[in-house]
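Our numbering numbers the first residue of the sequence shown as 248 and each following residue consecutively. Notes follow the structure.
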Amino acid sequence: MHHRRRGPSSHRRSTAHIDACVQEENDFMLRRFLRARDHNISKASAMFLKYLAWKRAAKPRGSITEADVRGELVQDKLYVQGFDKTGRPMIYLFGNRHFAAKRDLEEFKRYVVYILDNTCTKLPAGQEKFASVVDLKGWGYANCDIRAKLAALEIMQNYYPERLGRVFLIHVPYVFMAAWKMVYPFIDDNTKKKFVFVADKDLDSTLRDAIDVSQLPEQYGGKLRLEGYKSSSTCN
């Protein structure tokens, strides 16, 4: 028997009697939760109610401010600038600037939310996803932080479903693969497909195929100058 796909209105009705905050969320968000659970209303509703509870706890004042994540921002390890050729905002992350011994896990979680919320504000009309380049040049054991990786993964998969479009991992050192093997089992199957390991010999062509030279950072042969992270108004 084929189950007819039901849309956001069915999803909304199935959860509104449990949490009135459902009415505050738009249909685009509800659709993302439905897609994340293959349009299974029961599973999507459970996921969405978990999101609402998390949102109240994670953002009690409605948003994360720069003051809440200052310790992370000063490290200049991440930039949200430019767009790929499909209009997705780009996140550039430099893994060798993150140090496990120096991070506070709760602040790091707030930082992930802060970045994702601010990236959402850059989404053009009709676009729901962002893309990322993770540069692991110079990455070593001091930068290895499994707890932080798992925390970021949990936040993105459970509370920002269907936001991630593509991740290019570049300049990947051999030692990184041991950490990757520990994290990989926790990545859902749909998300696994979005990670692309780029060989050094293919770096230029891969990035230029995905990102126009005007939107590509200077260090990768483009014309975009990366600047310190600047916040904008928050969205979910």
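Every residue gets a Cβ at the ideal spot worked out from N, C-alpha and C, and that includes glycine.
Take Arg394 as the anchor and find which of Ile417, Asp435, Val443 and Trp427 has the nearest alpha-carbon.
Minimum Cα distance to Arg394 is reached at Trp427.
Pull the bridge partners of Ser292 from the DSSP assignment, please.
The partner list for Ser292 (beta bridge, DSSP) is empty, contrary to what the question assumes.
Paired residues, beta bridge with Val443 - DSSP
Beta-bridge partners assigned by DSSP to Val443: Phe415.
Residues near Arg282 by beta carbon distance below 7 Å, same chain, minus five either side
Counting only Cβ-Cβ distances below 7 Å, and skipping sequence neighbours, we find Glu409.
Identify the residues that DSSP records as bridge partners of Met337: which are they?
Partner(s): Ala378.
Measuring CB to CB, does Arg357 end up less than 7 Å from Asp323?
In this structure, Asp323 does not lie closer than 7 Å to Arg357 by Cβ.
Touch check for the segment 397 to 405 and the segment 426 to 441: three-plus C-beta pairs under 8 Å?
Touching, per the Cβ criterion.
Classify Phe346 as helix, strand or coil using the three-state DSSP reduction.
In this structure, Phe346 counts as coil in the three-state DSSP scheme.
Could you round the C-beta distance between Asp451 and Gly468 to whole angstroms and report it? I think they count as a contact, below 8 Å.
The pair is a contact, with the Cβ atoms about 6 Å apart (cut-off 8 Å).
Cα separation between Met420 and Arg344?
It should be noted that the sequence gives Pro, not Met, for residue 420. Note on geometry: alpha-carbon atoms of Pro420 and Arg344 lie some 15 Å from one another.
Helix, strand or coil, according to DSSP, for Leu277 in the structure here?
Three-state DSSP puts Leu277 in a helix.
Roughly how many angstroms separate the alpha carbons of Ala348 and Lys396, rounded to a whole number?
Just so you know, the alpha carbons of Ala348 and Lys396 end up roughly 14 Å apart.
Tell me whether Glu271 is buried or exposed, calling it buried when 16 or more other Cβ atoms sit within 10 Å of its Cβ.
Note that Glu271 scores a pLDDT of 46, beneath 50, so its modelled location is shaky; the value from the coordinates is reported in the next line. Exposed, because fewer than 16 other Cβ atoms sit within 10 Å of the Cβ of Glu271.
Mark Arg308 as exposed unless 16 or more other C-beta atoms lie within 10 angstroms of its C-beta, in which case mark it buried.
Exposed, because fewer than 16 other Cβ atoms sit within 10 Å of the Cβ of Arg308.
Nearest-angstrom Cα separation, counted from Met429 out to Arg317:
Each residue's Cα considered, the two are about 29 Å apart.
In the DSSP assignment, the beta strand (DSSP E) including Gln328 goes from what residue to what residue?
Per DSSP, Gln328 is one residue of the beta strand (DSSP E) stretching across Leu325 to Phe330.
Rounded to whole angstroms, how far is the Cβ of Thr366 from the Cβ of Phe377, which I believe are closer than 8 Å?
Sure, about 5 Å apart at Cβ, within 8 Å.
By DSSP, does Leu299 sit in helix, in strand, or in coil?
In this structure, Leu299 counts as helix in the three-state DSSP scheme.
Helix, strand or coil, according to DSSP, for Pro307 in the structure here?
Coil, per DSSP.
Does DSSP classify Pro464 as helix, strand or coil?
Three-state result, Pro464: strand.
Backbone secondary structure at Leu370 - three-state DSSP:
Coil at Leu370, not helix or strand.
Are Asp331 and Ala457 close, meaning C-beta to C-beta below 7 Å?
Yes.
On the three-state DSSP scale, how would you describe Leu383?
In the structure shown, Leu383 adopts coil according to DSSP, grouped into three states.
Let me confirm a value: Leu471 is counted as buried when at least 16 other C-beta atoms fall within 10 Å, else exposed. Which label applies?
It is buried - the Cβ of Leu471 has at least 16 other Cβ atoms within 10 Å.
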